[in-house]
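Student: To start, I am sharing the structure in question, which I have written as structure tokens.
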Amino acid sequence: MYILVSASPEDRGRVTLRQVSAEGRVFDSHTVDEGNFAATVELLNEDDVRWVWSDTSYWYPKLLRQSVEVLRCHDLRLCHVILKNSEWTRGASRFEAPNPLWEGIATPSAANTGANTLFDGEESFDGLALQGASSPIDFDESLLEFRRQLEVVAGSRYSERLALLLVAESAGALAAAEMLHYGIPWRADVHARLLSDILGPRPQRGERPAQMEQLVSRIRKALDNPSVNPDSQQDLLRSLKRAGLAVSSTSKWELRDIKHPVIEPLLRYKKLSRLYTANGWNWLDTWVRDGRFHAEYIVGGVVTGRWAAHGGGALQLPAVVRPAVVADPGWKLVVADAAQLEPRILSAISGDVAMADAGRGQDLYQALVDRGVVDTREHAKIAMLGALYGSTTGRSASLMPRLVAAFPRALRLVEDAAREGESGGIVTTWLGRSSPSPEGEWWVELIRNPESPAEPRREKARSKARAWGRFTRNFVCQGSAAEWALCWLAGLRTRLTQLGDSRARPYLAYFLHDEVVVHTPEEYAEEVVELVREAAAEAGRLLFGVFPVEFPVEAIIADSYSDAKK
Numbered sequence: 016m017y018i019l020v021s022a023s024p025e026d027r028g029r030v031t032l033r034q035v036s037a038e039g040r041v042f043d044s045h046t047v048d049e050g051n052f053a054a055t056v057e058l059l060n061e062d063d064v065r066w067v068w069s070d071t072s073y074w075y076p077k078l079l080r081q082s083v084e085v086l087r088c089h090d091l092r093l094c095h096v097i098l099k100n101s102e103w104t105r106g107a108s109r110f111e112a113p114n115p116l117w118e119g120i121a122t123p124s125a126a127n128t129g130a131n132t133l134f135d136g137e138e139s140f141d142g143l144a145l146q147g148a149s150s151p152i153d154f155d156e157s158l159l160e161f162r163r164q165l166e167v168v169a170g171s172r173y174s175e176r177l178a179l180l181l182v183a184e185s186a187g188a189l190a191a192a193e194m195l196h197y198g199i200p201w202r203a204d205v206h207a208r209l210l211s212d213i214l215g216p217r218p219q220r221g222e223r224p225a226q227m228e229q230l231v232s233r234i235r236k237a238l239d240n241p242s243v244n245p246d247s248q249q250d251l252l253r254s255l256k257r258a259g260l261a262v263s264s265t266s267k268w269e270l271r272d273i274k275h276p277v278i279e280p281l282l283r284y285k286k287l288s289r290l291y292t293a294n295g296w297n298w299l300d301t302w303v304r305d306g307r308f309h310a311e312y313i314v315g316g317v318v319t320g321r322w323a324a325h326g327g328g329a330l331q332l333p334a335v336v337r338p339a340v341v342a343d344p345g346w347k348l349v350v351a352d353a354a355q356l357e358p359r360i361l362s363a364i365s366g367d368v369a370m371a372d373a374g375r376g377q378d379l380y381q382a383l384v385d386r387g388v389v390d391t392r393e394h395a396k397i398a399m400l401g402a403l404y405g406s407t408t409g410r411s412a413s414l415m416p417r418l419v420a421a422f423p424r425a426l427r428l429v430e431d432a433a434r435e436g437e438s439g440g441i442v443t444t445w446l447g448r449s450s451p452s453p454e455g456e457w458w459v460e461l462i463r464n465p466e467s468p469a470e471p472r473r474e475k476a477r478s479k480a481r482a483w484g485r486f487t488r489n490f491v492c493q494g495s496a497a498e499w500a501l502c503w504l505a506g507l508r509t510r511l512t513q514l515g516d517s518r519a520r521p522y523l524a525y526f527l528h529d530e531v532v533v534h535t536p537e538e539y540a541e542e543v544v545e546l547v548r549e550a551a552a553e554a555g556r557l558l559f560g561v562f563p564v565e566f567p568v569e570a571i572i573a574d575s576y577s578d579a580k581k
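FYI, in our numbering the residues of the sequence shown are 16 to 581.
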């Protein structure tokens, strides 16, 4: 049973709830004041209800603030974006034209839809506008969109997979709202003590911490420049060049290979500066309240379907602050992550039984060693990452022929995806999320047109094409892995709701691509570990049926996040 939630078109400040059939027919209707919205949902909230609304990030927090949880929903905006961009719905005229009403949400910016999305700072979404959350949509428009989506999915040649993706994406939105609401247990006193131990006492506004100030003195002395500002990239770069260093940037990757007295204090300064700016006292004041860090996730914020974070750096918690993530008294953390997720996903989406069999019941990388494919586990990992990310040089390239010989179907899939990208084409994940099209980019026409200008412009186009090919190569694996992780998260969330009452039961506290953290009363900890593994196995069956691939999960019970991540 569906219940569609929308703004009342007649009266601002009122909410309309109407029962809708799977065919889009309308039945019972309720219109209530917004203050009675949560109570009405609680009254109608049966196990078989799926709530249909414009935007989970708008509607669900209103319920959570009144201690009302829902089990299922259909997020019209998130689903619209998937359906509009999927190759599996190409030709569905109702999704061809732009529709600002349903596309005005937090989606990857133009800067994050290129080849670098998969490799460089994909979680860096600070400043991205979260639109739509302040503009609920009325019933007629919501019902029309819901009917459109049902029809488009039913008409797709892969309707079951696409339907599963929409269910998983919407379930992810519920989980994200709950994790924001309940938060990660966080000891502000422990965090503050860590900062003082590493940086020195909290400085006055406008001043640097003592340890950083000492490093500034050493940097200036080593460069013989008493006024150089290490926080100014241009000023620092000029000073480095004046000191005779042949550098083109202040990147630590370039600096670490240089022999000079300034390098050690400068690299140390950069590390402390990162901690101070990203997770220092201001971060603590802004993001931690009542013993919780409330992470703001953006569901589907990366084009592959991975989540992004809106401020707070939820997807980049450095090891140095993890000791502050401490379970409440009488509670535990269950920290679980999936082993070698993307390679296992590759074996399934390619149908490479040999590769799936290699990882059954054991570490996949070690299995490659045991089977004589490579000589060490490190080389196995290098080779597999090279296959996933398209490395053409160095050790991974030299190992590639062995991997191709052992697992030809898996390697053929990623190679085909790369070739498709290099020609300006689009690739699609297992459940139907498609990569952005490079159509309109200057290099696409040059690649496709044999009469295009000669070097060097053609060579630049080839370079761009190869970069896009590396993007599409990994898109199919990373995106399909994100789909598995969403199904895992959704299945675990459902299982956790069946333990204890709402006031003292385990709940999802954190999610990072292939890792979850559950905050649980101690008496449920062992059971949560089993539920984590059950949900992982179920996610594999949902996506790949009887294909013999396993998704082993390591789950650790701990008092603090740092204890589990050693």
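We treat Cβ as the ideally placed atom computed from N, Cα and C, and that holds for glycine.
Among Pro521, Ala186, Ser211, which has the Cα closest to the Cα of glutamate 538?
Tutor: Within the sequence shown, residue 538 is the residue found at index 523, counting from 1. Minimum Cα distance to glutamate 538 is reached at Pro521.
Student: Of all the options Ala334, Tyr197, Arg359, Ala395, which has the alpha carbon lying nearest to the alpha carbon of arginine 304?
Tutor: For this step, residue 304 is matched to residue 289 along the sequence shown. Here the closest residue by C-alpha is Tyr197.
Student: Can you give me the start and stop residues for the alpha helix (DSSP H) that tyrosine 284 sits inside?
Tutor: Taking the sequence shown and counting its residues from 1, one reaches residue 284 at position 269. Element bounds for tyrosine 284: 278 to 294.
Student: Indicate whether the contact test is met: 3 or more Cβ pairs, each with one atom in the region 315 to 326 and one in the region 504 to 513, closer than 8 Å.
Tutor: no
Student: I want to know whether the region 255 to 270 touches the region 194 to 208 - three or more CB-CB distances under 8 Å.
Tutor: no
Student: Rounding to the nearest angstrom, what Cα-Cα distance links asparagine 100 and glutamate 222 in this structure?
Tutor: Against the sequence shown, residue 100 aligns to sequence position 85. Against the sequence shown, residue 222 aligns to sequence position 207. Near 48 Å, if we compare the C-alpha coordinates of glutamate 222 and asparagine 100.
Student: Just list the beta strand (DSSP E) runs in the region 346 to 395, keeping only unbroken ones of 3 residues or longer that don't cross its boundaries, in chain order.
Tutor: 346 to 353
Student: Contact check, arginine 392 vs glycine 374 under 8 Å by CB: the rounded distance?
Tutor: Position 377 of the sequence shown, counting from 1, holds the residue named residue 392. Position 359 of the sequence shown, counting from 1, holds the residue named residue 374. That belief does not hold up - the Cβ atoms of arginine 392 and glycine 374 are roughly 13 Å apart, past 8 Å.
Student: Closer than 8 Å by C-beta to serine 149: which residues in its own chain qualify, once you throw out the five before and the five after it? Chain order, please.
Tutor: Reading the sequence shown from its first residue, position 134 is the one you call residue 149. Any reading at serine 149 must be qualified, since the residue scores a pLDDT of 45, below 50, and its modelled position is unreliable; no value is offered.
Student: Is leucine 260 helix, strand or coil when you go by DSSP?
Tutor: Position 245 of the sequence shown, counting from 1, holds the residue named residue 260. Residue state, collapsed to three classes: coil.
Student: Sort Pro115, Arg92, Leu91, Glu166 by Cα distance to glutamate 38 and report the nearest one.
Tutor: On the sequence shown, residue 38 is found 23 positions in, with the first residue counted as 1. It is Glu166.
Student: Measuring alpha carbon to alpha carbon, tell me which of Val564, Ala329, Ala433, Ser362 ends up nearest valine 531.
Tutor: By one-based count along the sequence shown, residue 531 stands at place 516. If we check each option's Cα against that of valine 531, Ala329 comes out closest.
Student: Given that a residue counts as buried once 16 or more other Cβ atoms are within 10 Å of its Cβ, and exposed if not, what is alanine 125?
Tutor: Translated into positions along the sequence shown, residue 125 becomes position 110. Reliability fails at alanine 125, whose pLDDT of 31 lies under 50, so the model's placement of it is uncertain and the value that follows must be treated cautiously. Exposed is the call here.
Student: At the level of alpha carbons, what is the spacing between glycine 215 and glutamate 269?
Tutor: Here residue 215 corresponds to residue number 200 of the sequence shown, with the count starting at 1. Here residue 269 corresponds to residue number 254 of the sequence shown, with the count starting at 1. Each residue's Cα considered, the two are about 28 Å apart.
Student: Let me know the alpha helix (DSSP H) ranges lying completely inside the region 530 to 570, each 4 residues or longer, listed in chain order.
Tutor: 540 to 559
Student: Quick check: what's the CA-CA separation for glutamate 102 versus leucine 86?
Tutor: As a position in the sequence shown, residue 102 is number 87, starting the count at 1. As a position in the sequence shown, residue 86 is number 71, starting the count at 1. Taking the straight line from one Cα to the other gives about 30 Å.
Student: Excluding sequence positions up to five away, which residues of its chain have a Cβ less than 7 Å from the Cβ of tryptophan 117?
Tutor: In the sequence shown, residue 117 corresponds to position 102, counting from 1. Excluding positions up to five away in sequence, the list reads Leu91, Arg92, His95, Glu160.
Student: Under 6 Å: does the beta carbon of methionine 370 sit that close to some heavy atom of the ligand ZN?
Tutor: With respect to the ligand ZN, the structure shown offers nothing to examine, as it has no ligands at all.
Student: For my contact list, arginine 448 and isoleucine 97 are in at a C-beta cut-off of 8 Å; report their separation, rounded to the angstrom.
Tutor: Position 433 of the sequence shown holds residue 448. Position 82 of the sequence shown holds residue 97. Contact holds; Cβ gap of about 6 Å.
Student: Check the C-beta distance from arginine 27 over to threonine 46 and give it rounded, since I have them as a contact under 8 Å.
Tutor: The residue labelled residue 27 in the question sits at position 12 within the sequence shown. The residue labelled residue 46 in the question sits at position 31 within the sequence shown. At roughly 12 Å, the Cβ-Cβ gap does not stay under 8 Å, so arginine 27 and threonine 46 are not in contact.
Student: Buried or exposed for leucine 58, please, with buried defined as at least 16 other CB atoms from any protein chain shown within 10 angstroms of its CB.
Tutor: Numbered from 1 along the sequence shown, position 43 holds the residue referred to as residue 58. Exposed: under 16 other Cβ atoms inside 10 Å.
Student: Leaving aside the five residues before and after lysine 479 along the sequence, list all residues of the same chain whose C-beta is less than 6 Å from its C-beta, in chain order.
Tutor: Counted from its first residue, the sequence shown places residue 479 at position 464. Within the same chain, lysine 479 has close Cβ partners Trp458.
Student: Which residue or residues does DSSP assign as beta-bridge partners of serine 575?
Tutor: By one-based count along the sequence shown, residue 575 stands at place 560. Val341.
Student: Is the beta carbon of tryptophan 68 closer than 7 Å to that of isoleucine 18?
Tutor: As a position in the sequence shown, residue 18 is number 3, starting the count at 1. As a position in the sequence shown, residue 68 is number 53, starting the count at 1. No, these two residues do not count as a Cβ contact at 7 Å.
Student: Apply the 10 Å Cβ neighbour rule to valine 41 and answer buried if 16 or more other Cβ atoms are within range, or exposed otherwise.
Tutor: On the sequence shown, residue 41 is found 26 positions in, with the first residue counted as 1. Counting Cβ neighbours within 10 Å, valine 41 comes out exposed, since fewer than 16 surround it.
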